[in-house]
Amino acid sequence: MDVLLLQITLLLSLGILFIPKSGRYYFLLCLQLVATFITSYWAFEAFASTESVVKVLNFQILGQHPTLVIDSLSAFFIITVNLTSLTSLLYSKGYLKPFLNDKGGLAMAWHYFNFFWLFVSMVLVCMIREGLLFLIAWELMTVSSFMLVLFEFEKKAVIQAGIRYLIQMHIGVLLLIFGFLYVQFKTGLPIGFDSMEIYFQSFQAFPIFLVFFIGFGIKAGFIPLHTWLPSAHPAAPSHVSGLMSGVMIKMGIYGILRTLTYIHSDLITIGIFITLVSIVSGLLGVIYAIVQHDIKRLLAYHSIENIGIIGIGIGLGVIGLAIQNNVLAIMGFTGGILHVLNHSLFKSLLFYSAGSVYQKTHTKQIEHLGGVIKTMPYTGLFFLIAALAICGLPPFNGFVSEFIIYSGAFGNLQTATFNFDFLFLGVILSLALIGGLAIFCFVKVFGIVFLGSARTKNISEAHEVTSSMLMPKFLIGALIVAIGIAPALFVQFAVKAAGAFGNIGVLPDGILTSLSWTGILSGLLILMVFGLYGIKKLFQKNKVISHNTTWGCAYIGADAARHQYTATSFADNHLEFLKPLFAEDKKFKQFAEDEIFPSKRDFSSHADDLFEEKMIKAPVRFIEKLFSGENFLLQSAQLHHYVFYAISFFAIILILTLLKII
Amino acid sequence: MTGMALLLALVMAFFIPGIIGAVKAKSCGRKAPSLIQPMFDIFRLLKKGSVYSTSTSFIFQITPIVYFITIFLALFFLPFGAEKGIFGFTSDFIFLAYLLAIGKFFMILAAIDTASPFEGMGANREAFYSMLIEPAFFTIMGSLALVAQPPSLSSLYANAGAISETPYLSWMIIAFIIYILFNIALVENSRLPVDDPKTHLELTMVHEVMVLDNSGFDLGIIQAANALKFALYGGLIANFFISPEFNLITNAGIFLGLGVLFAVAIGLSESFRARNKMKKNSLYIVLMFSLAVLLFFLILAMNSKFILT
């Protein structure tokens, strides 16, 4: 019955393309609510039972009925996907409004159609175990999100970002296909996750895990596989960025976790490998984020950082499995998996708020904003909540997952051997540094964008977004606070999801007590702030409260908006300190020695991601040089040369066949 | 008595700023003000009205409150030796560190909120230094957690004596820890050599410039919070010397005595020390972090986890 209903819903999605403009959004909303309801119901069914929930679809592909398998791990991801997809759709209503006049009806319908199928494909990815169908769902996810990124296809940068995204995703899917086929070739079983169980029992696990890790890791955005993220997120409309950054990249994490459930050997190597890659991703993600001046590009780098934190949790979990330390395993996995949910909440909130600012001020450049909180107080408040949460600060949700991962590392220092002590210290230090750097980054973003004086005219003319755009933010904000104040309620689901890794028990009592304490204290913190605010009002009653300009050493000549601190200067000491990690490009003219009266000068600086420069741009430039240009031998612009190439190609094939090489 | 540490820390906070001032005055031959003069100043400020900058928003108004509350709440975690504080649970020091970070987060925001170039500069430095100092604190906690299970502030202190089997080695390590903690306290409380609270030039200030636009009640509770912050670090250091073998009165005496010693040490170090060049500050902080990592290895070695061959 439920299966049938879901299938009808999916079929009805074609209707999005035909329904008139006025009813389209509500039609899609209905479809999505039905699909969300059914899949969430399955997910809770899976949480409630110890066995996987199996649903058989009633049509045939390749002579077989496709089946959906939902265990607690899938269930957790399904809930996460459902939540963020829903808020994203709710937010899109207001966000897309200004585009309604410029875009044709078909363009909008096509956008919504892809939106629905991105949501469906993500849910399917979590439920399908059979290889071919899994790859189809995976590909559907890539193609539909590619279409979503291309929403503003009139802009050249958007097309470029979209194509880069598409190419990199296909490198990933190629590796996945290779991995699945290799496993099938070695085991003789039909391709899919089930054959992995047999494969990993009889062959060395690490090499083929590495293939899957890279394949899924490109989607997740582990450094150095991350270069599509910072270009695709700014190009996409904000509700899509929120959805992609919030949950789509987590499908990569899901793939890695799913693969890990089948691996029972080589775990120490794999655990250390994941932890190290994640530490690098976490640190470099935030280090690069700080120097970004496009707010959405900056948020994209923060996704990389958070993928790193999730990865650190997973790495600790795998090490726990390897050394048969169940406490470490459960804490690592629970922390990592819970951070998946947490990140999907605060990151989508950040993107939606940034999108609202963009809609009202028409700029994504941090340097052009300032003082936005005065005209858009609610958007500012939600951005602040999400910023505090992403920095892992209590009383919000980011703290809970980071606290669990921290505790996992701290709690096992005494019993671990020297090597692991060293690794745990690395984990603790990188988490502390990531936290510190994230604070550095978000005081910059929030401070420069929302506080101070307006840097351009647009801002003072801006006003708060409509309530339809605030409502989803309110939903997410409430969840963020709820997880911070009542962590135990939500942690239990992550613990259940971690149960996919065998019988590794539940969180130790000490940590559960700690979590309830942090929840209570978080609540107390909020209450005390309100309390002291009341006391302050009492003290200030009947006192003179006046307003005046900011103290500027008694100098009030210049425009406050012009001489306040900028994002570039804020990031400068950080840039200076970590110089070797950036490909910094400064353009200016040096003063000549005999230049007594300096002429007018320009200065521009741009700091780029070293990985992008060295791994993508430099090789591409090299290849370009090799295969194009007037001086190059192969491209001679002489027809007889080209005919010669064709003939030599066939000649080589012939010789190789004669020699029985191919 | 669970509230003991909180009570003693509040007493400590009442006198520390005064003692530092008195020591500094004495060592340069001035007549010292009363020990509770800073507290009078705070009460005077609390009763005043305020001036708010026109470029600020509500963030600026709630920041002093958040700053004060986070530090005040942090004091509740102070254990009394092996006895846990009012709040104490596994990994409570993580919560403590992040609690302090919230206050800093808001202080930095409030400074940017004024749209003053000076305050932006101060905010930037504060953010940079506190980002660098955070790992040092966590490394110390991690080093102590090597011998304490499950780690919480009280169990860290309870097991600090067991770092090595030979007591005097343990004490040497503890002295090392205190040295690093003392330096962390200097950075966190914006004292020399990183920051100079007495400087009169906005360009060279770090913490002082961030509160330039605060006045009245707001400035009062910021200064009160600073005093509490001294007491927090003083308490963290004093706890190493609390022993279950002594009775409550002796321990309380030791706790307060070390608080006084802590204040005198800050006063003396400020009287006879020059301020770092701005650029050298980050290296100085990274040095503290490196020392903390060295400490971690020392404790590992003492527990014969790795054998030097």
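In the order they appear, the protein sequences are chains X and F. Numbering of the first sequence is given in the working numbering, commencing with residue 1 and proceeding in unit increments. Numbering of the second sequence is given in the working numbering, commencing with residue 1001 and proceeding in unit increments. C-beta: ideal position from N, C-alpha, C; glycine also.
Review point. Should X:Ser353 and X:Phe396 be called a contact, given that it needs their Cβ atoms to be closer than 7 Å?
Key: no
Point to revise | Proximity test, Cβ basis, 7 Å: F:Asn1124 and chain X | key: yes
Review point. Pairing CB atoms from the stretch 489-498 of chain X with CB atoms from the stretch 1008-1025 of chain F, are three or more of them under 8 Å?
Key: no
Check your understanding: If you compare alpha carbons, which of X:Lys93, X:Ala300 and X:Ser74 is closest to X:Tyr41?
Key -> Out of X:Lys93, X:Ala300 and X:Ser74, X:Ser74 has the C-alpha closest to the C-alpha of X:Tyr41.
Check your understanding: In chain F, which residues lie with their C-beta within 9 Å of the C-beta of X:Gln324?
Key -> Within 9 Å Cβ-Cβ: nothing; X:Gln324 doesn't reach chain F, min ~18 Å.
Exercise for review: Just the C-alpha distance for X:Lys505 and X:Phe399, rounded to the nearest angstrom, thanks.
Suggested key: Before going further, note that residue 505 of chain X is Gly rather than Lys in the sequence given. Their backbone Cα atoms lie some 23 Å apart in a straight line.
Practice item. Tell me the start and end of each unbroken alpha helix (DSSP H) in the stretch 194-269 of chain X that is at least 4 residues and wholly inside, in chain order. Key: 205-220, 229-235, 238-243 and 249-261
Check your understanding: At what residues does the alpha helix (DSSP H) containing X:Asn702 begin and finish?
Key -> This structure gives no information on residue 702 of chain X, because the portion of chain X shown stretches from 1 to 662.
Exercise for review: Under 9 Å between beta-carbons, which chain X residues line up against F:Pro1079? List them in chain order, please.
Suggested key: Those within 9 Å of F:Pro1079 in chain X number zero; the least Cβ separation is about 14 Å.
**Study point:** Three-way DSSP call (helix, strand, coil) for F:Glu1270 in this model
**Key:** helix
Practice item. Please classify F:Tyr1052: does DSSP put it in a helix, a strand, or coil? Key: strand
Check your understanding: In chain F, which residues lie less than 9 Å from X:Asn458 when you measure between Cβ atoms?
Key -> Result: empty, since nearest Cβ-Cβ is about 17 Å, beyond 9 Å.
**Study point:** Spatial neighbours of F:Glu1220 in its chain, beta-carbon cut-off 7 Å, leaving aside the 5 residues before and after
**Key:** Sequence inspection shows Gly at residue 1220 of chain F; the Glu mentioned does not correspond to that position. Around F:Gly1220: Ile1042, Leu1045 and Leu1046.
Practice item. Classify X:Leu225 as buried or exposed, calling it buried when 16 or more other Cβ atoms lie within 10 Å of its own Cβ. Key: buried
Check your understanding: Less than 7 Å separating the beta-carbons of X:Lys93 and X:Ser468?
Key -> For X:Lys93 and X:Ser468, yes; Cβs fall inside 7 Å.
Review point. Of the residues that make up the stretch 399-416 of chain X, which ones have a beta carbon closer than 7 Å to any beta carbon in chain F?
Key: Phe399, Phe403, Tyr406, Ser407, Phe410, Gly411, Leu413 and Gln414
Point to revise | Cα-Cα separation, F:Glu1126 to F:Ala1115 | key: 16 Å
Review point. Taking all protein chains shown into account, do 16 or more other C-beta atoms lie within 10 angstroms of the C-beta of F:Cys1028, making it buried, or fewer, making it exposed?
Key: Its Cβ having fewer than 16 others within 10 Å, F:Cys1028 is exposed.
Exercise for review: Going by CA-CA distance only, name the one from F:Ile1133, F:Glu1270 and F:Ile1112 that's closest to X:Phe570.
Suggested key: With distances taken between Cα atoms, X:Phe570 lies closest to F:Ile1112.
Check your understanding: Would a C-beta distance cut-off of 7 Å place X:Ser389 and X:Ile256 closer than the cut-off?
Key -> Correcting the residue type first, residue 389 of chain X is Ala in the shown sequence and not Ser. No, the pair does not count as a contact, with Cβ atoms beyond the cut-off.
Check your understanding: Between X:Asp294 and X:Ile312, what straight-line distance do the alpha-carbon atoms span, to the nearest angstrom?
Key -> The alpha-carbon atoms of X:Asp294 and X:Ile312 are separated by roughly 27 Å.
Check your understanding: Whose Cβ in chain X lies nearer than 9 Å to the Cβ of F:Gln1223?
Key -> The contacting residues do not exist; F:Gln1223 stays about 15 Å from chain X at best.
Review point. Going straight from the alpha carbon of X:Gln359 to that of X:Tyr95, what length do you get?
Key: The straight-line gap separating the alpha-carbon atoms of X:Gln359 and X:Tyr95 is approximately 7 Å.
Exercise for review: Please determine, among F:Glu1083, F:Leu1035, F:Ser1091 and F:Phe1015, the residue with the shortest C-alpha to C-alpha distance to X:Trp517.
Suggested key: F:Ser1091
Exercise for review: Using only alpha-carbon positions, find the residue among F:Leu1144, F:Arg1273 and F:Ala1009 that is nearest to F:Ala1224.
Suggested key: F:Ala1009
Practice item. Quick one: residues in its chain with C-beta nearer than 6 Å to the C-beta of X:Lys250, no 5 flanking neighbours on either side, listed in chain order? Key: Val340
Check your understanding: Are the C-beta of X:Thr513 and some C-beta of chain F separated by less than 7 Å?
Key -> Judged by the 7 Å Cβ criterion, X:Thr513 is in contact with chain F.
Check your understanding: For F:Glu1134, which three-state DSSP category applies?
Key -> Of the three classes helix, strand and coil, the one that applies to F:Glu1134 here is helix, per DSSP.
Review point. X:Glu584 lies in the beta strand (DSSP E); which residues open and close that run?
Key: Taken as a continuous stretch (DSSP letters only), the beta strand (DSSP E) holding X:Glu584 covers Phe582 to Lys587.
Practice item. Note down, in chain order, each residue of its chain lying with its Cβ closer than 7 Å to the Cβ of F:Ala1136, except the 5 sequence neighbours on either side. Key: Ile1180, Ile1184, Met1288, Phe1289 and Ala1292
Practice item. Could you tell me whether the stretch 320-332 of chain X touches the stretch 406-419 of chain X, where touching means 3 or more Cβ pairs closer than 8 Å? Key: yes
Check your understanding: Within 10 angstroms of its Cβ, does X:Thr566 collect 16 or more other Cβ (buried), or is it exposed?
Key -> buried
Check your understanding: Taking Cβ to Cβ, would you say F:Gly1234 is nearer than 7 Å to F:Met1012?
Key -> Yes, these two residues count as a Cβ contact at 7 Å.
Check your understanding: Just reading off the alpha helix (DSSP H) that X:Lys360 is part of, what are its end residues?
Key -> Asn326 to Thr361
Review point. At a Cβ threshold of 7 Å, is F:Gly1120 touching chain X?
Key: yes
Practice item. Buried or exposed for X:Asn114, please, with buried defined as at least 16 other CB atoms from any protein chain shown within 10 angstroms of its CB. Key: Flag for X:Asn114 reads buried.
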